[in-house]
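Student: Chains as they are written, first to last, in UniProt numbering: chain X, 1 to 327; chain Z, 1 to 327; chain R, 1 to 327; chain E, 1 to 327.
Protein chains: 4
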Amino acid sequence: MTDLSSGMPDIIRIAHTIFTVTDLAASRAFYVDLLGLNVLYEEPDALYLRGVEDREWTLKLELAPQAGVRHIAYRVRADADLERMAALAEREGLPYRWETERDRPRMLRMQDPFGVPVAFFRESVTHPWLLQDYHLHRGPGLQRVDHVNVMTPEVGKMRDWYAKELGFRTSEYTEDDEGRIWAAWVQRRGGVHDLAMTNGTGPRLHHWAYWMPDAMSIIRTCDILAGARQPERIERGPGRHGISNAFFLYVRDPDGHRIELYTSDYITVDPDFEPIRWHLNDPRRQTLWGAKTPRSWFEEGSSLEAFEGGWVQAKEGELKGIPVHVI
Amino acid sequence: MTDLSSGMPDIIRIAHTIFTVTDLAASRAFYVDLLGLNVLYEEPDALYLRGVEDREWTLKLELAPQAGVRHIAYRVRADADLERMAALAEREGLPYRWETERDRPRMLRMQDPFGVPVAFFRESVTHPWLLQDYHLHRGPGLQRVDHVNVMTPEVGKMRDWYAKELGFRTSEYTEDDEGRIWAAWVQRRGGVHDLAMTNGTGPRLHHWAYWMPDAMSIIRTCDILAGARQPERIERGPGRHGISNAFFLYVRDPDGHRIELYTSDYITVDPDFEPIRWHLNDPRRQTLWGAKTPRSWFEEGSSLEAFEGGWVQAKEGELKGIPVHVI
Amino acid sequence: MTDLSSGMPDIIRIAHTIFTVTDLAASRAFYVDLLGLNVLYEEPDALYLRGVEDREWTLKLELAPQAGVRHIAYRVRADADLERMAALAEREGLPYRWETERDRPRMLRMQDPFGVPVAFFRESVTHPWLLQDYHLHRGPGLQRVDHVNVMTPEVGKMRDWYAKELGFRTSEYTEDDEGRIWAAWVQRRGGVHDLAMTNGTGPRLHHWAYWMPDAMSIIRTCDILAGARQPERIERGPGRHGISNAFFLYVRDPDGHRIELYTSDYITVDPDFEPIRWHLNDPRRQTLWGAKTPRSWFEEGSSLEAFEGGWVQAKEGELKGIPVHVI
Amino acid sequence: MTDLSSGMPDIIRIAHTIFTVTDLAASRAFYVDLLGLNVLYEEPDALYLRGVEDREWTLKLELAPQAGVRHIAYRVRADADLERMAALAEREGLPYRWETERDRPRMLRMQDPFGVPVAFFRESVTHPWLLQDYHLHRGPGLQRVDHVNVMTPEVGKMRDWYAKELGFRTSEYTEDDEGRIWAAWVQRRGGVHDLAMTNGTGPRLHHWAYWMPDAMSIIRTCDILAGARQPERIERGPGRHGISNAFFLYVRDPDGHRIELYTSDYITVDPDFEPIRWHLNDPRRQTLWGAKTPRSWFEEGSSLEAFEGGWVQAKEGELKGIPVHVI
């Protein structure tokens, strides 16, 4: 008889996040009316949103007294992979429990060794996508969930753990002269990343990202936010990342949660794909064009829910300072 | 004392048209919900529409038993130019009268020597544009009126008359080996054309055109029409015209009126700009990429209102046949 | 001791093809000067080409008396997968042999049960990519190999074999009322397809496809071919496929080999991704916008090299006729 | 007998500028190899460049010991307009002389009342354009000269003089609470501007601008400069101007001359077009998206050649300070 909990869990991809927000109407105006996310379900205190290619909700907004992130969730290949995750949690003494969410009947909620609330599920109710219902697209037409970015003072260790225990492969990373890892982009899906880790006071959420159909739809996002007299929602970009080669834009929602719109990276399916190393002080790393990054982008992030409720206490690490190219 | 009616009228640009339509709700669904034209006024039997840059209505739809075109209108520089137009009509025995339209208190309605119902006005109520209200743009974001295209069996004569009497300058034209003009693009505004004339049974309206912000917004139009399960509204394109160098798309409204979406031509303000000649059978003329044109595009057009009511009887001319590049 | 040849081979992705061409200079002018493929190696009788993201050559052109296709090649995960392929060939009595190509020291060349010459390799010399060397991109900037499309009168059987023996998963397919499969799109990489099979006299190559950075780069391809007075190289498009949702263009090289430029499809990594079924006569299937397809696109293809030399004799199948939407 | 020198000169449009540069090879690498301007003539110490739509050279680079601007030139409608300019210079005591340039047999070179070296010509040798020779376009495909921007401490007076004496019409302007004009955009051609004046130590050239086919070609410019490891050439943008609504990018050449790439503004041909007023401190004015502007953009400019040789001494004015949105 096979031990279903042995072996490495097979994680397919990043899947969803749940944000708490303090004013659901304001959040709706931002995510639905301006960014054009599609509403799958609307409850008195919650909204379930998705991009036009998403067959399931990928962002849930929950009304709460404080803005934060309940968890970030990954999809696994088989039910056995959930058992493997639970066995891993047992083995490492990581807190975990079984939960449900709408359309997700069985979800393993745990805390990773770095304090990040993560969840895993196999089964999800799917819905017809809107990909070819172009007449129903609104605003910039956010297409599908792409990745999550987490701030942590332990990037090196976190990358190693996700590689060793969960099979995440590194596509790019930032290193200083002493060989310390400041940031890492790791993937399961064959793209540049499902998960990025960047150095900073943490654990906190840095951003949640949607894939866009093209660069022009990202530029349209800027125009729409400016048209709505909310240019302050635009934090950084548009620009071309050196890392990932993607065309990007960072916007902040009414509670300060950061969303990245992202397009046009590359594929990483080859087994011999060699991770790309960037030096910490390379000005082309963050923006290929050399543009400076606002300080807020390095310093601000969303609180993460603690396993027993309340919020994880973010801590500073030993790697201090931010890169030279800051406004 | 100056004779206000002497001299050539100074026509600024093409300005508006009025279509009669047989189902106003169907037309509204097409022009407003899918193409995204903005509604300035909505009356029980009429809609006044504009693009996001237009400061005034540029397309009026009127409910009527038969689909057709009431007139096409140009804006003139001064009130004296209207007097000059009236004097021209008197001189040439062209029927004319003074009319009003909503936001256009004084409009000279006449019939040109080729049977086309044209109107001229100086004064118009203007409205704040929506150019930078990007959050209010819908669908492909039609930007501003660009030109009109009329089918006539008398292209050569018509071009000459518009040049001599109204100062229209030719930017491009199509000619056969015998020096007969099959089509001409003429302008007042410094672009490629305010008015095009193409050989065919006429006079009829061939199409009414809006300027688009870029080629991608034209491609989005195709996607939106396809998403709405109305691909049959797409008649020709998208493609790049040889003539004008513009990126284009032709769509047909529920009554068959043809609309062109058009972008990226060139300027013609130099006095020594030499009209570009295309040979009738050059395959790069209609679509630089050599794509074939559907037969309907050559054969179908909208009826024009006769001066005394009813519809102008379109006639065949001596130039028969359509170019070789037809589906 | 493990039997390295047991189990299903793990194929990573489509990798390269080798075309024979009858005029290498003419082919170079097309692929390098107009399309902008990058030359990795230039030999007296051969060119090794790649897109800007490709780390290895993905299209080899060989001078030969007749135009055709030597083989299409896939990359496998491990050396053991090559043994598994050889074992499969033995088991099924498929002809195979070991070959080498420049930068590919060990390649298994075989004939699949449908007469298609295929090759498999694990090891390849890789080269620094040009993805971020934007100043070196030329023309439309073809980015990376995306897929191959093969014509066969046995689509249903071929799809089943590739699924059962090689683990290709179906993303979309075309079916008639009697449940007969006319075309199938199958993948290993998590995109829409590495391999497509379409009904027709075969086996022949229908096309070889490159991923493009965006729709505008595809439009630029049309402009460049038209600028070079070669509009006849454009066979079909640009347009939006119903199947795959991709924006596409088909061009023909000087020997008639068909190349597709392709962008903006979707991901298929979820295990429960349900293949999308299209009815044979759905006009939105081939082009979402309803555009008609030229007859040549259905009827013409490239000859495939037979295992013992010479060319595979293409045969008609029982499914006759082509879809209704043809020019 | 008509006095040819009476009346207002009829200026058609901005036409060319002549930059002195200190390293012609470095300038060539920037303008030709990276930006893709077309070389009409190459002399030992000079290059004559143009965009793909330009029928004549629009930027001349001259090797000289110091970088600066010899003059900026406008095209006039008729020879009589040159006489009118000369008469104006006589009347106002402005220094002037007749000069020639390659392809410009007769050019009136004068100094305007604000110290700006300007030239006027009617006749120019024209060349076949490259607009539809897309296979010959290089890099981002700069299309045609669009406008010039001059820094002056006397914006209000300068705008009034250009309006009164030369018929320039204001499309947009920046004003403070005391009604002082900080910047003005004025036009002859029916677009947003041929000439802009911005407050600052002057007279100096702020920038010389080319029209681009679309926003994506501007983004490609950034990628190309980054690819060539010259991100420092990118000074500001890409972004959307509030003023003019144009999508823009500012780059600096090897001598520091500033070039703007610009697209997608609007037309201003209507006689009742009402100039758009922006308040000095409106953050959407410079970049609709609220992006900050680097200090160098406000402070640096190119020296202008004095009428008698040497360089005009730039002076500070009474309007001090730069807007709040600065990096």
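Heads up, the beta-carbon is just placed ideally off N, CA and C, and yes, glycines get one too. Computed from a predicted model, the values in this text were never measured in an experiment.
Thinking just about the alpha-carbon of each residue, which of X:90, X:96 and X:260 is nearest to the one in residue 215 of chain X?
Tutor: Walking along the first sequence from the start, residue 215 of chain X turns up at place 215. Measuring from the Cα of residue 215 of chain X, the nearest candidate turns out to be X:260.
Student: Would a check of beta-carbon distances place residue 227 of chain X closer than 7 Å to chain Z?
Tutor: Start at 1 with the first residue of the first sequence, and residue 227 of chain X comes out as number 227. Closer than 7 Å: yes.
Student: Between residue 270 of chain R and residue 256 of chain X, what straight-line distance do the alpha-carbon atoms span, to the nearest angstrom?
Tutor: In the third sequence, counting from the first residue as 1, residue 270 of chain R sits at position 270. In the first sequence, counting from the first residue as 1, residue 256 of chain X sits at position 256. Rounded to the nearest angstrom, the two C-alpha atoms are 31 Å apart.
Student: Could you work out which residue in Z:19, Z:37 and Z:156 is closest to residue 46 of chain Z when comparing CA atoms only?
Tutor: Stepping through the second sequence from its first residue, residue 46 of chain Z is reached at position 46. Answer by Cα proximity: Z:19.
Student: Might you give, ordered along the chain, the residues of its own chain that have their beta carbon closer than 8 Å to the beta carbon of residue 196 of chain E, omitting 5 neighbours on each side?
Tutor: Numbered from its first residue, the fourth sequence carries residue 196 of chain E at position 196. Once the five neighbours on either side are set aside, the close Cβ partners of residue 196 of chain E are 147, 148, 149, 150, 183, 184, 185, 186 and 206.
Student: Going along chain Z in order, which residues have a C-beta closer than 9 Å to the C-beta of residue 132 of chain E?
Tutor: Start at 1 with the first residue of the fourth sequence, and residue 132 of chain E comes out as number 132. Result: 240, 242, 245, 284 and 288.
Student: Based on Cα-Cα distance, which residue from R:92, R:264 and R:202 lies nearest to residue 248 of chain R?
Tutor: As a first step, residue 248 of chain R is located in the third sequence; it is residue number 248 there, counting from the start. Cα-wise, what sits closest to residue 248 of chain R is R:264.
Student: Give me the subset of the UniProt domain "VOC" (13-123) of chain E whose CB atoms are less than 7 Å from a CB atom of chain R, sorted by chain position.
Tutor: Answer set for the UniProt domain "VOC" (13-123) of chain E: 34.
Student: So, is the C-beta of residue 214 of chain X closer than 7 Å to a C-beta in chain R?
Tutor: Against the first sequence, residue 214 of chain X aligns to sequence position 214. It does; some Cβ of chain R falls within 7 Å.
Student: Which chain R residues are close to residue 136 of chain E, counting only those with a beta carbon under 8 Å from its beta carbon?
Tutor: Working through the fourth sequence from its first residue, we reach residue 136 of chain E at position 136. What residue 136 of chain E touches in chain R: 227.
Student: Pairing CB atoms from the region 138-147 of chain E with CB atoms from the region 165-183 of chain E, are three or more of them under 8 Å?
Tutor: As far as the Cβ criterion goes, the region 138-147 of chain E does not touch the region 165-183 of chain E, which means the pair count is below three.
Student: Which ranges would you report for the alpha helix (DSSP H) in the region 123-193 of chain R if only whole runs of at least 4 residues count?
Tutor: For the region 123-193 of chain R, whole alpha helix (DSSP H) runs of length 4 or above, ordered along the chain, are 155-166.
Student: What residues match up with residue 250 of chain X in a beta bridge as DSSP calls it?
Tutor: Counting from one through the first sequence, the residue named residue 250 of chain X turns up at place 250. The partner list for residue 250 of chain X (beta bridge, DSSP) reads X:236 and X:260.
Student: Determine the chain Z residues that contact residue 270 of chain X at a beta-carbon separation under 9 Å, and present them in chain order.
Tutor: What you label residue 270 of chain X is simply residue 270 of the first sequence in a count that begins at 1. Chain Z residues near residue 270 of chain X: none, gap ~32 Å exceeds 9 Å.
Student: Residue 169 of chain E: which of E:159, E:176, E:177 and E:175 sits nearest, CA to CA?
Tutor: Here residue 169 of chain E is taken as the residue at index 169 of the fourth sequence, counted from 1. Nearest of E:159, E:176, E:177 and E:175 to residue 169 of chain E, Cα basis: E:159.
Student: Taking Cβ positions, are residue 224 of chain R and residue 134 of chain E nearer each other than 7 Å?
Tutor: Indexing the third sequence from 1 puts residue 224 of chain R at position 224. Indexing the fourth sequence from 1 puts residue 134 of chain E at position 134. In contact: residue 224 of chain R and residue 134 of chain E (Cβ atoms closer than 7 Å).
Student: Do residue 262 of chain R and residue 209 of chain R have their C-beta atoms closer together than 7 Å?
Tutor: Numbered from its first residue, the third sequence carries residue 262 of chain R at position 262. Numbered from its first residue, the third sequence carries residue 209 of chain R at position 209. Taking 7 Å as the Cβ cut-off, residue 262 of chain R and residue 209 of chain R qualify as a contacting pair.
Student: Any Cβ of chain R within less than 7 Å of the Cβ of residue 234 of chain Z?
Tutor: On the second sequence, residue 234 of chain Z is found 234 positions in, with the first residue counted as 1. Closer than 7 Å to some Cβ of chain R, the Cβ of residue 234 of chain Z qualifies, so yes.
Student: Might you give, ordered along the chain, the residues of its own chain that have their beta carbon closer than 8 Å to the beta carbon of residue 316 of chain X, omitting 5 neighbours on each side?
Tutor: Position 316 of the first sequence, counting from 1, holds the residue named residue 316 of chain X. Counting only Cβ-Cβ distances below 8 Å, and skipping sequence neighbours, we find 153 and 201.
Student: Within 10 angstroms of its Cβ, does residue 9 of chain E collect 16 or more other Cβ (buried), or is it exposed?
Tutor: For the purposes of this step, residue 9 of chain E is taken as the residue at position 9 of the fourth sequence. Buried is the call here.
Student: Between residue 305 of chain Z and residue 109 of chain Z, is the Cβ-Cβ spacing less than 7 Å?
Tutor: Here residue 305 of chain Z corresponds to residue number 305 of the second sequence, with the count starting at 1. Here residue 109 of chain Z corresponds to residue number 109 of the second sequence, with the count starting at 1. Not closer than 7 Å, so no.
Student: Looking at the unbroken beta strand (DSSP E) that takes in residue 107 of chain Z, where does it start and where does it end?
Tutor: One-based indexing of the second sequence puts residue 107 of chain Z at position 107. That run of the beta strand (DSSP E) goes 104-111.
Student: I need the DSSP call for residue 68 of chain X, collapsed to helix, strand or coil.
Tutor: In the first sequence, residue 68 of chain X corresponds to position 68, counting from 1. The answer is strand: DSSP assigns residue 68 of chain X an E or B state.
Student: Threshold first: 3 residues or longer. Then list the beta strand (DSSP E) segments lying entirely within the region 17-51 of chain X, N to C.
Tutor: The region 17-51 of chain X contains these whole beta strand (DSSP E) runs: 38-43 and 46-50.
Student: If the criterion is Cβ atoms closer than 7 Å, does the pair residue 253 of chain R and residue 30 of chain R meet it?
Tutor: Translated into positions along the third sequence, residue 253 of chain R becomes position 253. Translated into positions along the third sequence, residue 30 of chain R becomes position 30. Closer than 7 Å, so yes.
Student: Please report the Cβ distance between residue 276 of chain Z and residue 172 of chain Z, rounded to the nearest whole angstrom; I am assuming they are in contact, meaning their Cβ atoms lie under 8 Å.
Tutor: Taking the second sequence and counting its residues from 1, one reaches residue 276 of chain Z at position 276. Taking the second sequence and counting its residues from 1, one reaches residue 172 of chain Z at position 172. The Cβ separation is near 4 Å, so the contact holds.
Student: I want to verify the contact list: residues of chain X whose CB lies under 7 Å from the CB of residue 11 of chain Z, in sequence order.
Tutor: Reading the second sequence from its first residue, position 11 is the one you call residue 11 of chain Z. Those do not exist, as residue 11 of chain Z stays about 33 Å from chain X at its closest Cβ, beyond 7 Å.
Student: So residue 219 of chain E contacts chain X; which residues on that side make the cut at Cβ distance below 7 Å?
Tutor: Numbered from its first residue, the fourth sequence carries residue 219 of chain E at position 219. Chain X residues near residue 219 of chain E: 215.
Student: Could you tell me the alpha carbon to alpha carbon distance between residue 279 of chain E and residue 242 of chain E, rounded to whole angstroms?
Tutor: Numbered from 1 along the fourth sequence, position 279 holds the residue referred to as residue 279 of chain E. Numbered from 1 along the fourth sequence, position 242 holds the residue referred to as residue 242 of chain E. The straight-line gap from Cα to Cα measures roughly 11 Å.
Student: Are the C-beta of residue 190 of chain Z and some C-beta of chain E separated by less than 7 Å?
Tutor: Your numbering for residue 190 of chain Z matches position 190 in the second sequence. Chain E contact via Cβ: present.
Student: If you reduce the DSSP assignment to three classes, tell me which class residue 201 of chain E lands in.
Tutor: As a first step, residue 201 of chain E must be located in the fourth sequence, where it is residue number 201. Coil at residue 201 of chain E, not helix or strand.
Student: May I have the straight-line CA-CA distance separating residue 49 of chain Z from residue 40 of chain Z, to the nearest angstrom?
Tutor: On the second sequence, position 49 is the one that residue 49 of chain Z refers to. On the second sequence, position 40 is the one that residue 40 of chain Z refers to. When rounded, the distance between both Cα atoms is 6 Å.
Student: Report all residues from its chain with a CB closer than 6 Å to the CB of residue 176 of chain X; omit the five preceding and five following residues, and keep chain order.
Tutor: What you label residue 176 of chain X is simply residue 176 of the first sequence in a count that begins at 1. Closer than 6 Å at the Cβ level, and outside the excluded window around residue 176 of chain X, lie 280.
Student: Can you list, in chain order, the residues of its chain whose CB lies under 8 Å from that of residue 81 of chain R, leaving out five sequence neighbours each side?
Tutor: Here residue 81 of chain R corresponds to residue number 81 of the third sequence, with the count starting at 1. Excluding residues within five positions, the ones whose Cβ falls inside 8 Å are 9, 10, 11, 120 and 122.
Student: Residues of chain X with a CB under 7 Å from the CB of residue 224 of chain Z: which are they?
Tutor: In the second sequence, residue 224 of chain Z corresponds to position 224, counting from 1. Near residue 224 of chain Z (Cβ distances below 7 Å), the residues of chain X are 134 and 135.
Student: With a threshold of 7 Å between beta carbons, is residue 1 of chain X in contact with chain R?
Tutor: What you label residue 1 of chain X is simply residue 1 of the first sequence in a count that begins at 1. Interpretation of residue 1 of chain X is limited by its pLDDT of 44, a score under 50 that renders its predicted location unreliable; no figure is taken from the coordinates.
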